[in-house]
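Residue numbers (this note's numbering), protein chains in the order written: chain S, 5 to 120; chain X, 5 to 120.
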């Protein structure tokens, strides 16, 4: 079912361990062993998570057979960001309306004080 | 595994039909029949997608037993947006560096012309 790029990305991101791995990679490249350190899961389990991230294009791995460092790729995240655009507009508009309403409330609240 | 809210949201979004349903709801409430119209899938299949979206809190459904209109809820999407924040910073920085490099290239390209 989920064969389009955006669905593959979102599906890869729908796991707290995989998101934690990506967060770690924001501070630079890391080996599988380094990535596994903070988690109470086995190296093979981490490797499986990395394969999912790699298939989604969210990480790339170095060619060095001994030390294949993982690096974050932001392109799929940018696609998520673009998809979110139209929804961001929705809550921005709602916030604007709330702001207008609060301003109106404040303006309304000042009136009696001026009268007293 | 995926029991945290963000994972539930991302998992619900990892399907093109469910994203299309959300996109339709940006222009207002709609019934299941209305939502099913553009898709070549059965009403029960649409209902299953709606249940996934409802569990993730991405839609709410009216109480009217006859016509239970679906409405978009943006709160879970805002959580995705907040999660994306730190990554957005990454590609913004990369774009800035690219901009600096292009400026440097242009400045460097002007030098020989000045000399001739």
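All C-beta atoms in this analysis are idealised placements derived from N, C-alpha and C, irrespective of residue type, glycine included.
For the alpha helix (DSSP H) containing residue 25 of chain X, list its first residue and its last residue.
For residue 25 of chain X, the enclosing alpha helix (DSSP H) covers residues 20-29.
Unbroken beta strand (DSSP E) run spanning residue 76 of chain S, endpoints
Run containing residue 76 of chain S: 74-76, per the beta strand (DSSP E) assignment.
For the beta strand (DSSP E) that residue 52 of chain S lies in, which residues bound it at each end?
Following the DSSP letters along the chain, one finds residue 52 of chain S in no beta strand (DSSP E) but inside the alpha helix (DSSP H) bounded by residues 47-59.
Please say whether residue 51 of chain S and residue 36 of chain S have beta carbons closer to each other than 8 Å?
For residue 36 of chain S and residue 51 of chain S, yes; Cβs fall inside 8 Å.
Among X/98, X/60, X/45, which residue has its Cα nearest to the Cα of residue 76 of chain S?
When each option's Cα is compared against that of residue 76 of chain S, the closest is X/98.
Distance, residue 33 of chain X Cα to residue 107 of chain X Cα:
Straight across, the Cα-Cα distance linking residue 107 of chain X with residue 33 of chain X is about 49 Å.
Over the uninterrupted beta strand (DSSP E) stretch that includes residue 65 of chain X, give me the two end residues.
Its beta strand (DSSP E) spans residues 63-65.
The stretch 83-99 of chain X touching the stretch 67-74 of chain X, judged by at least three CB pairs closer than 8 Å
No, the stretch 83-99 of chain X does not touch the stretch 67-74 of chain X.
Show which residues of chain S have a CB atom less than 8 Å away from the CB atom of residue 50 of chain X.
Per Cβ cutoff of 8 Å: no residues; residue 50 of chain X is ~15 Å from chain S at best.
If residue 94 of chain S sits next to residue 30 of chain X, beta carbons under 8 Å apart, how far is it from one beta carbon to the other, in whole angstroms?
Contact flag correct, Cβ pair sits at about 6 Å.
Identify, in the order they occur along the chain, each residue of the same chain with its Cβ nearer than 7 Å to the Cβ of residue 28 of chain S, setting aside the five sequence neighbours on each side.
Cβ-Cβ distances below 7 Å link residue 28 of chain S to 34, 39 in the same chain, with the five nearest sequence neighbours on each side left out; the list follows chain order.
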